[in-house]
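Q:
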Amino acid sequence: MMLLRLLFLVIFSIFNESLAHHLPLITACVHNDIWVECKPVCPKICSDYLYKNRCSPKKCQPGCACPNGWLRRNNDLGYCIPQHKCNRWIIN
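According to mature numbering (1 follows the signal peptide of the UniProt record, and there is no 0), the residues represented by the sequence shown are -20 to -1, 1 to 72, in order.
1) Counting only the same chain and skipping the five closest in sequence on each side, list residues whose C-beta sits under 6 Å from that of P62.
2) Would you kindly work out how many angstroms separate the C-alpha atoms of M(-20) and D56, rounded to a whole number?
3) If you drop the 5 nearest sequence neighbours on each side, which residues of the same chain put their C-beta closer than 7 Å to that of C45?
4) For Q41, list the residues DSSP reports as bridge partners.
5) So what's C60 in DSSP terms, helix, strand or just coil?
6) How long is the line joining the alpha carbons of V10 and N48, rounded to whole angstroms?
7) Please report the straight-line C-alpha distance between P42 and V21, rounded to a whole angstrom.
8) With DSSP run on the structure shown, which of helix, strand or coil describes L30?
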C-alpha cells in the first residue's frame, strides 16, 4: 500500500510539472487595474505619490497596475482612483 501511494505521488508530481507549462497565465484585473508586463514592485499610492525615492523604478514584474494618471487609493493593494481625487485620502 505504501508503494502504491509513493508511485501515485511520483506520477502526480511529473504530470503536474509538465502541465504547469501549458496553462495560460491569468491576466484578469479588477478595480480599474490594467494588465502590464512591467508594473513597479511598489506602486505609487495617494498618500505618498509626491515622494520620488519611495522605490527603485527599475524593478518591475508582470501584473495588474493602475493606468496612467491613476494611483492606489490607500495602500499597495488598494483600488485605483484618478490622481486628482487623491486629496481625499492623503494621510497627514
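Note that beta-carbon positions come from the ideal geometry of N, C-alpha and C, so glycine has one too.
The structure displayed is predicted, hence computed values, not measured ones.
A: To lay it out plainly:
1) W50
2) 49 Å
3) The question names Cys, but residue 45 in the sequence shown is Ala. The answer, listed in chain order, is D13, I14, V16, K19 and P23.
4) K19
5) strand
6) 16 Å
7) 9 Å
8) coil
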